[in-house]
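Peer 1: According to this note's numbering, numbering within the sequence shown proceeds without interruption in unit steps and concludes at 338. Virtual Cβ for every residue (Gly too), placed ideally from N, Cα, C. Input: one structure, supplied below.
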Amino acid sequence: MKFKNLHQFLRQEVNRGELCTELAKLIVDISISGKLLDAQIKKYAFSKSIINSSTNVHGEKQHQLDIMAHDIFLNTLKDGRVCSYLISEEHKEILELDPIPNQSIFTVCIDPLDGSSNIDVNVSVGSIFSIYVQDKPASKNSLSLKSGRNQCCGGYLIYGPVTMFIFTYGKQVFGFTLNSELGEFVLTHDNIKLSKEGYTYSVNEGNLNEFPGQVKEYLKFCKHHDQENMLPYKSRYIGSMVADIHRTLFHGGIFLYPSTALFPNGKLRLIYECNPIAFIIERAGGLAIDGMRPVLDIPIMSSHQKVPFIAGSYNMVKKVLHLYKNASIDNHLFYSC
2 MKFKNLHQFL RQEVNRGELC TELAKLIVDI SISGKLLDAQ IKKYAFSKSI INSSTNVHGE
62 KQHQLDIMAH DIFLNTLKDG RVCSYLISEE HKEILELDPI PNQSIFTVCI DPLDGSSNID
122 VNVSVGSIFS IYVQDKPASK NSLSLKSGRN QCCGGYLIYG PVTMFIFTYG KQVFGFTLNS
182 ELGEFVLTHD NIKLSKEGYT YSVNEGNLNE FPGQVKEYLK FCKHHDQENM LPYKSRYIGS
242 MVADIHRTLF HGGIFLYPST ALFPNGKLRL IYECNPIAFI IERAGGLAID GMRPVLDIPI
302 MSSHQKVPFI AGSYNMVKKV LHLYKNASID NHLFYSC
């Protein structure tokens with residue numbers, strides 16, 4: 002593969018008419034934020050003053066690095082003056098920014114630091130983002146994103162042994178790796194495809210007794226012995242969504258974060274966690290559902306809406322879907338086999 006950094010790649014895509022200049026600038030701004038956050042994680046990950054937690058707007062533990070990550074993305078997007086609205090996991094309200102006048106209206110939805118509860122044990126963490134473009138609303142309170150199908154770009158950054166930037170703007174999934182010597186994201190994967198079959202499942206089985214019957218049945222299937230069909234499957238669960246999804250994307254498998262008795266509507270947020278990941282999974286050839294329907298078809302009702310989430314290799318997720326006995330999915334154009 003010919004060497005190509007992110008700026009060269011995006012300039013080429015703009016020249017080819019594959020994306021507009023404003024969206025390319027937004028992608029660059031997000032990549033800059035990722036580089037800044039990567040440096041802060043490496044610098045402060047084990048500092049007690051940073052690890053100490055408070056409580057965020059959702060009543061969950063919030064590390065100082067969560068706040069730092071939010072501020073990095075907010076300030077970079079402010080300076081870039083392309084983003085009109087920012088919806089962040091770390092802020093209850095929609096933030097209205099000050100873009101250059103007379104350009105497209107972009108809304109960025111972001112989980113600035115996913116998996117921060119694992120940061121003090123050196124587990125990979127990430128940032129997840131989704132971008133929408135729309136007509137100018139009367140006010141931020143009348144902002145309507147409709148559903149994940151309306152995304153114009155979705156992706157994530159993963160901060161691990163190397164830092165990677167994975168995103169799609171609709172046709173295929175691209176992967177860039179941060180070259181620490183150059184300080185540049187370099188194209189390393191130009192068409193990521195998710196295998197239709199996988200042999201690993203990723204779920205927090207500590208909540209098994211609280212899962213829906215369909216998920217319990219599927220996990221029972223994953224564990225039964227059938228050498229001809231490569232069963233039992235291997236269990237692989239990190240507890241950092243980006244890390245678990247990244248492994249699933251590159252090696253196949255299924256990731257499950259279903260509803261429980263405590264969280265009947267699920268726990269993951271739709272617009273800045275599930276939708277961008279579902280966008281990537283679909284474009285890579287996999288499926289992403291809430292059990293009964295494609296995640297990208299779920300109407301967006303609120304900024305911090307929660308949903309169950311099951312995603313991964315096509316055939317594995319399809320089996321879960323059939324356990325939910327939702328025959329209507331076969332009428333969905335994308336999912337018809």
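#1: With H, G and I counted as helix, E and B as strand and the rest as coil, what does DSSP make of Phe335?
#2: Which stretch, first to last residue, makes up the alpha helix (DSSP H) that contains Asn76?
#3: Measuring CB atoms only, is the stretch 102-116 touching the stretch 72-89, in the sense that at least three cross pairs come out at less than 8 Å?
#4: Fully enclosed by the stretch 246-305, which alpha helix (DSSP H) runs are 4 residues long or longer?
#5: Have a look at Asn210 and Leu220 and give me their C-alpha separation to the nearest angstrom.
#6: Residues in the same chain with beta-carbon distance under 7 Å from Leu78, minus the five sequence neighbours each way, listed in chain order, please.
#7: Quick one: residues in its chain with C-beta nearer than 7 Å to the C-beta of Ile301, no 5 flanking neighbours on either side, listed in chain order?
#8: Taking the beta strand (DSSP E) that Asn180 belongs to, which residues open and close that run?
#9: Taking 8 Å as the threshold, find out whether the stretch 271-289 comes into contact with the stretch 212-231 through three or more Cβ pairs.
#10: Once you ignore the five residues that flank Phe335 on each side, which residues in its own chain have a CB closer than 8 Å to its CB?
#11: Less than 8 Å between the CB atoms is what I'm expecting for Gln215 and Gly286, so what's the real figure, rounded?
#12: What do you get for Asn142, buried or exposed, if any count of 16 or more other CB atoms within 10 angstroms of its CB means buried?
#13: Over the uninterrupted alpha helix (DSSP H) stretch that includes His323, give me the two end residues.
#14: Touch check for the stretch 186-203 and the stretch 4-14: three-plus C-beta pairs under 8 Å?
#15: Hey, out of Ser181, Lys235, Ile311 and Leu27, whose CA is closest to Leu269's CA?
#16: For Leu38, which residues in the same chain have their Cβ closer than 6 Å to its Cβ, ignoring the five residues on either side in sequence?
#17: Straight-line CA distance for Leu11 to Gly35?
#18: Using a 10 Å radius around the Cβ and a threshold of 16 neighbouring Cβ atoms, would you call Asn276 buried or exposed?
#19: Using only alpha-carbon positions, find the residue among Met165, Asp136 and Ile42 that is nearest to Asp121.
#20: Considering only C-alpha positions, which residue in the set Gly161, Val134, Gln135 and Ser260 is nearest to Asp245?
#21: With DSSP as the reference, label Asn205 as helix, strand or coil.
#22: Cβ atoms of Leu263 and Ile132: under 8 Å apart, would you say?
#23: Just reading off the beta strand (DSSP E) that Cys110 is part of, what are its end residues?
#24: Could you spell out the range, first to last residue, of the beta strand (DSSP E) harbouring Glu185?
#25: Between Asp339 and Asn230, what straight-line distance do the alpha-carbon atoms span, to the nearest angstrom?
#26: Just to check my reading of the structure: Asn205 and Tyr238 have Cβ atoms closer than 8 Å, yes? What is that Cβ distance to the nearest angstrom?
#27: Quick one: residues in its chain with C-beta nearer than 8 Å to the C-beta of Phe175, no 5 flanking neighbours on either side, listed in chain order?
#28: Would you identify the three-state DSSP class for Ser125, choosing helix, strand or coil?
#29: Let's see if you can read the secondary structure: which residues bound the alpha helix (DSSP H) around Lys24?
#30: With respect to the alpha helix (DSSP H) encompassing Phe168, which residues constitute its N-terminal and C-terminal limits?
#31: Which class does Ile159 belong to by DSSP, given the choice of helix, strand or coil?
#32: According to DSSP, is Glu229 helix, strand or coil?
Peer 2: In short:
#1: Residue placement at Phe335 cannot be trusted, given a pLDDT of 44 that sits under 50; what the coordinates show is reported in the next sentence. DSSP places Phe335 in helix when its eight states are reduced to three.
#2: Gln65 to Gly81
#3: yes
#4: 276-284
#5: 12 Å
#6: Asp30, Cys84, Leu87, Leu98 and Val109
#7: Leu146, Lys147, Ser148, Leu271 and Ile272
#8: Start and end: Val174 to Asn180.
#9: no
#10: Unreliable placement is indicated for Phe335, whose pLDDT of 44 sits below 50; no coordinate value is reported for it.
#11: Actually they are not in contact, since the Cβ atoms of Gln215 and Gly286 sit about 23 Å apart, beyond 8 Å.
#12: Around the beta carbon of Asn142, a 10 Å sphere encloses fewer than 16 other beta carbons of the protein chains shown; the residue is thus reported as exposed.
#13: Tyr315 to Leu324
#14: yes
#15: Residue Ile311 holds the alpha-carbon nearest to the alpha-carbon of Leu269 among Ser181, Lys235, Ile311 and Leu27.
#16: Ala70 and Ile73
#17: 17 Å
#18: buried
#19: Ile42
#20: Gly161
#21: coil
#22: no
#23: Here the beta strand (DSSP E) through Cys110 covers Ile106 to Asp115.
#24: Glu185 to His190
#25: Within the shown structure, residues of the chain are numbered from 2 to 338, placing residue 339 beyond reach of any answer.
#26: Between Asn205 and Tyr238 the beta-carbon gap is near 6 Å, inside 8 Å, which marks them as a contact.
#27: Phe10, Ile167, Phe168, Thr169, Leu188, His190, Asp191, Asn192 and Ile193
#28: Three-state DSSP puts Ser125 in coil, outside helix and strand.
#29: Going by the sequence as given, residue 24 is Leu instead of Lys. Element bounds for Leu24: Thr22 to Tyr45.
#30: Element bounds for Phe168: not the alpha helix (DSSP H) but the beta strand (DSSP E), Thr164 to Thr169.
#31: strand
#32: Helix.
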